[in-house]
Amino acid sequence: MYPSPAPPEVDSTTSRLRLRLANSKDAELLLDWRNAPSTREASHTSAPIASDEHMRWLEQSLANPDRRLYIVELDGIPAGTMRSDFEDPGYLLSWTVSPSMRGKGIGTAMVRMLIATISESLRAEIKTDNRASVRIAEAAGLRFIREADGILHYCRDAIDHPPSPPASPQQAAGNEE
Ligand SMILES: CC(C)(COP(=O)(O)OP(=O)(O)OC[C@H]1O[C@@H](n2cnc3c(N)ncnc32)[C@H](O)[C@@H]1OP(=O)(O)O)[C@@H](O)C(=O)NCCC(=O)NCCS
0 MYPSPAPPEV DSTTSRLRLR LANSKDAELL LDWRNAPSTR EASHTSAPIA
50 SDEHMRWLEQ SLANPDRRLY IVELDGIPAG TMRSDFEDPG YLLSWTVSPS
100 MRGKGIGTAM VRMLIATISE SLRAEIKTDN RASVRIAEAA GLRFIREADG
150 ILHYCRDAID HPPSPPASPQ QAAGNEE
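Structure, rendered in structure tokens:
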């Protein structure tokens with residue numbers, strides 16, 4: 000049971016959160032987050048990922064021009080990750096918050112931050128029992144489209160005004176590599 004009706008500690012207007020592109024030094028923390036039981040439960044593939052498979056995935060992800068992998072830091076400490084995959088004409092988004100930092104509003108804030116930089120259409124696939132991600136999608140302005148095979152499909156149409164600053168995911172993220 001999720002305990003707290005209290006206001007979130009973190010919101011998307013805070014300067015405590017920073018979005019940056021992931022790099023190879025993030026391999027270990029990304030694997031830890033990915034293999035946490037609660038993350039596996041929410042993922043399409045729920046089996047634990049082996050280290051060598053993860054390293055191959057990360058290398059390919061960092062080299063893929065249609066994929067952006069982000070790390071979100073709270074006060075300089077890695078707190079979550081997001082992925083955007085370009086699938087002409089829009090993006091498929093996914094997100095994970097560090098298991099030790101959940102329930103503070105970070106998921107909601109980071110997804111809103113990323114979405115504010117994207118004017119193309121967006122979509123997300125969320126397992127039916129993932130209430131927190133449904134709240135995050137709705138808070139970010141995505142709307143429910145349909146349910147199929149235990150997956151809720153959420154989307155947002157392209158918007159015709161320029162994204163609010165920062166003007167692009169690259170600018171939002173900075174490239175640390
Ligand atoms: C889902 C996830 C990203 C939520 O991150 P978070 O930082 O804890 O989320 P927030 O604190 O911003 O909470 C988001 C909303 O969900 C609610 N919530 C948080 N945890 C919840 C839980 N376990 N059960 C039900 N609601 C929950 C919050 O109250 C908030 O709702 P509100 O906006 O109405 O107040 C995180 O639990 C996670 O990484 N899970 C594993 C991976 C995953 O599910 N990825 C998404 C795949 S689409």
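Under numbering that gives the first Met the number 0, the residues of the sequence shown are numbered 0 to 176, in order. For each residue, glycine too, the CB sits at the ideal point set by N, CA and C.
Sequence-distant residues of its chain with Cβ nearer than 8 angstroms to residue i (five each side left out)
{"i": "A157", "result": "P88, G89, S118, E119 and S120"}
{"i": "I48", "result": "L30, R33, N34 and W56"}
Where residue i sits in the DSSP three-state scheme
{"i": "L73", "result": "strand"}
{"i": "D84", "result": "strand"}
{"i": "I150", "result": "strand"}
{"i": "E27", "result": "helix"}
{"i": "I144", "result": "strand"}
{"i": "A78", "result": "strand"}
{"i": "S89", "result": "Just to set this straight, residue 89 is Gly in the shown sequence, not Ser. Three-state result, G89: strand."}
Between the CA atoms of residue j and residue i - distance to the nearest angstrom
{"i": "R19", "j": "R101", "result": "19 angstroms"}
{"i": "A46", "j": "L28", "result": "18 angstroms"}
{"i": "A108", "j": "D51", "result": "32 angstroms"}
{"i": "S99", "j": "S37", "result": "11 angstroms"}
{"i": "P228", "j": "A21", "result": "Residue 228 is absent from the model: the chain starts at 0 and stops at 176."}
{"i": "I76", "j": "D128", "result": "29 angstroms"}
Chain-order list of residues whose beta-carbon lies under 6 angstroms from that of residue i (same chain, five-residue window excluded)
{"i": "G140", "result": "R155"}
{"i": "R122", "result": "L91 and C154"}
{"i": "R17", "result": "E72"}
{"i": "A136", "result": "A123 and Y153"}
{"i": "S232", "result": "The requested residue 232 is not part of the displayed model; the chain covers only 0 to 176."}
Residues near residue i by beta carbon distance below 7 angstroms, same chain, minus five either side
{"i": "E124", "result": "I150 and H152"}
{"i": "K126", "result": "A41, G149 and I150"}
{"i": "D10", "result": "G104 and A108"}
Sub-9 angstroms separation of residue i and residue j beta-carbons
{"i": "T80", "j": "L68", "result": "yes"}
{"i": "H53", "j": "A26", "result": "yes"}
Would you say the region 91-100 touches the region 27-46, given that touching needs at least three Cβ pairs under 8 angstroms? yes
Touching or not, the region 45-62 and the region 134-151, by the rule of three or more beta carbon pairs under 8 angstroms? no
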